[in-house]
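Numbering (the numbering used here), first residue to last: 9 to 247.
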């Protein structure tokens, strides 16, 4: 596998820094449900997704966890290493299979020390990630399940780069932090409005603009925060 450097953070680097970073990376394939980071464990790699995407999951007590962020080609998994912290703060689970660039922790830290451009790009990305984490917390507290589901579907579509993808009620409930019946009701509502088709784990986005209207404002806030500090990713559905 030889993917082109389609990760947006890598694309933002000057040519010399980008070439040097990619020479240190290895192309890998991420599989669905693969865990690339466990909370409280050493971070051995950083990952720059190309067409894969990863859920960032917070875990509390005996609860199964709650998605608080999502990373695709616009971002990076293992960003704590950019702050000099070698322990994963969240669980990172592959939500969409695909390709990524992987770099071991030691050479990443060495390159970070050498490249001012890389430090600047990742500094802006970390700021955006903190902004999005805050938005996610408020969204969970104040917004209806149907609006949150619409937001989640838009975020997934942005990273999947296609209008259909596979998921299940169990996974959606896990990501949204609700019971399965809540997902059933919310998905049914979106389906009755003609925005999606959902059958046996296959989701098809039928009306993108309608889904954006059904989503809470948090989706647009996330987009605006990213665009203000890192620009457009150049994808069909900008994220």
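Quick reminder that beta carbons are idealized off the backbone N, C-alpha and C, glycines included. Everything numeric in this text was worked out from a predicted model, so none of it was measured.
For residue 65, the uninterrupted beta strand (DSSP E) run begins and ends at 61-66, by DSSP. For residue 30 and residue 18, the gap between their C-alpha atoms comes out near 8 Å. With respect to the 7 Å criterion, residue 142 and residue 36 are not classified as neighbours on the basis of their beta carbons. Rounded to whole angstroms, residue 183 and residue 119 show a C-alpha spacing of 34 Å.
In the structure shown, the three-state DSSP call for residue 169 is coil.
Counting along the chain, the unbroken alpha helix (DSSP H) around residue 138 starts and ends at 124-150. Nearest to residue 238 by C-alpha distance, out of 91, 125 and 216, is 125. In this structure, the straight-line span from the alpha carbon of residue 93 to that of residue 132 is close to 17 Å.
Straight across, the Cα-Cα distance linking residue 42 with residue 88 is about 20 Å. Partner residues in a beta bridge of residue 222, as assigned by DSSP, do not exist. Looking at the backbone, the Cα of residue 206 and that of residue 52 are separated by about 37 Å. For residue 199, the enclosing alpha helix (DSSP H) covers residues 188-200. By the Cβ test, the stretch 223-232 is not in contact with the stretch 184-195, since fewer than three Cβ pairs between them sit closer than 8 Å. Taken in chain order, the whole beta strand (DSSP E) runs of length 3 or more contained in the stretch 28-86 are 34-38, 43-45, 53-57, 61-66 and 74-79. DSSP, read as helix, strand or coil, puts residue 110 in strand.
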